[in-house]
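Data block below; observations after.
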Amino acid sequence: MAKYRVYAEDFEVQEELLYPPSGDGAQTLVLIEKRGRTTDGVARDLAASLGLRGSQVGYAGRKDRVAVTRQWFSVPGLDPAAAGAIQLDGARVLDAARNRHRLRAGELVGNAFRLVIRDLDPGELLIAVDRAAGLRRFGIANRFGPQRFGRGGLNPDLGRAVLTGLAPPGDRRDARFLVSALQSAVFNEVLDRRSRLFPEVGSETLEVPGQRAVDRLCVGDVAVDHRSGLVRPVREPADLAAEVERLEVSPSGPLFGRRAAGVDGQVASLEREVLELFEIPSPSEFRIDVAGERRALRIPTRDLEAQPQADGTLVLTFSLPSGVFATALLDAVFEGLPLSDASVAGGGEEVDAGSD
5 MAKYRVYAED FEVQEELLYP PSGDGAQTLV LIEKRGRTTD GVARDLAASL
55 GLRGSQVGYA GRKDRVAVTR QWFSVPGLDP AAAGAIQLDG ARVLDAARNR
105 HRLRAGELVG NAFRLVIRDL DPGELLIAVD RAAGLRRFGI ANRFGPQRFG
155 RGGLNPDLGR AVLTGLAPPG DRRDARFLVS ALQSAVFNEV LDRRSRLFPE
205 VGSETLEVPG QRAVDRLCVG DVAVDHRSGL VRPVREPADL AAEVERLEVS
255 PSGPLFGRRA AGVDGQVASL EREVLELFEI PSPSEFRIDV AGERRALRIP
305 TRDLEAQPQA DGTLVLTFSL PSGVFATALL DAVFEGLPLS DASVAGGGEE
355 VDAGSD
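First residue of the sequence shown: 5, per the working numbering; consecutive thereafter.
Encoded structure:
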């Protein structure tokens, strides 16, 4: 059976911030390469090594534990010249520079990935390479990966308890993460049910434009423009058909909250049905502030490359925007093919919670 993460080096992630370090200021951005560590664990150790509280260390997104990842952390009052002397288990400092403010969740352009897939048979290798070519043309469904939901998939239930006041919010960062898991579960369910809006389409395929539910708009949708990040209501899908086919515009799903743009018609009915299924109250009843937004139901993957190696392995290289999961791309490339995560922990922490 095909496997990924046989070795930590088989899963590499490079973070790209929204902006470069400013070069001055009271904060210092520290670029750290970690291996076999969670982002939170490295942040705690970094704080302890500098005599800081854990809450004083900032980062833009969580990165996978079973991987080699490079990401930025912010700490106050650190001389960049002294950063290289910091000793961390399973991690090392690569660079440091002053910055005017601490890093906050979501301050990412995205992440660049290099994944190695092993133990493919020749037929599977050919299918995966062909599938990657189709995804480069049509993009991937923007599904949240199972890492978001925690061991046993309990994070959405914990998030609902925080949202409704049945559990104390505790640490603000942890509370936000749990509620975001509930948002993610709602989004994935809307994505799964979207095909009901297009019963005439039939089998979803990468050979013909518009055959997947995420490749089409309908009246009442809110569309996301990938060029600007702006959203707009859809009144006449035909007016946007060319932009949709060029992967410039995509339909969206809900990350529920007070600022999430509303949809109309049958799209609204579908989303309301899912919100009721997950027992989501109205924003006025939330016990924690949840801004909300619309999230694209598909993501362009124009730089996706699938490179077969002489030893029969497959190397995938690609970049994804903040908050998009590498596992979503893997699922799309290997749809219908056996693929297992060889890591004992099954992936640990998610690759990138930076959209929250």
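For every residue, glycine included, the Cβ atom is placed at its ideal position computed from N, Cα and C.
Keep in mind the model is a prediction, meaning the values are calculated, not measured.
For L318, the closest C-alpha among the options P325, L308, S326 is that of L308.
A distance of 9 Å or more separates the beta carbons of P304 and V133. Distance from the CA of A246 to the CA of V120, rounded to the nearest whole angstrom, comes to 35 Å. Taken in chain order, the complete alpha helix (DSSP H) segments of 4 residues or longer contained in the stretch 96 to 183 are 126 to 142, 159 to 168. Fewer than three pairs of CB atoms, one per stretch, sit closer than 8 Å, so the stretch 99 to 114 makes no contact with the stretch 46 to 58. If you look at T43, you'll find it in the alpha helix (DSSP H) that goes 43 to 53. Between L124 and W76, the C-beta gap is not smaller than 9 Å, which leaves the two residues out of contact.
If you compare the alpha carbons of E193, S232, E249, S256 with that of V223, the shortest gap goes to S256. Burial is judged here by how many other beta carbons sit within 10 angstroms of a residue's own beta carbon; Y23 has fewer than 16 and is exposed. Shown here, T209 sits in coil according to DSSP, grouped into three states, outside any helix or strand. The C-alpha of R177 is placed about 16 Å away from the C-alpha of G296. Taking 9 Å as the cut-off, the Cβ atoms of A116 and E20 count as close. In the DSSP assignment, G257 falls within the unbroken beta strand (DSSP E) covering 253 to 259. As the crow flies, the alpha-carbon of L167 is around 7 Å from that of V183. Between R220 and E339, the alpha-carbon positions lie close to 21 Å from each other. In this chain, the alpha helix (DSSP H) harbouring V278 covers 269 to 281.
The Cβ atoms of R9 and S347 sit closer than 9 Å to each other. Collapsing the DSSP output to three states places G40 in coil. DSSP, read as helix, strand or coil, puts S323 in strand. Judged by DSSP in its simplified three-state form, D345 adopts strand.
Using a 10 angstroms sphere on the CB of G169, the tally of other CB atoms stays under 16, which defines it as exposed.
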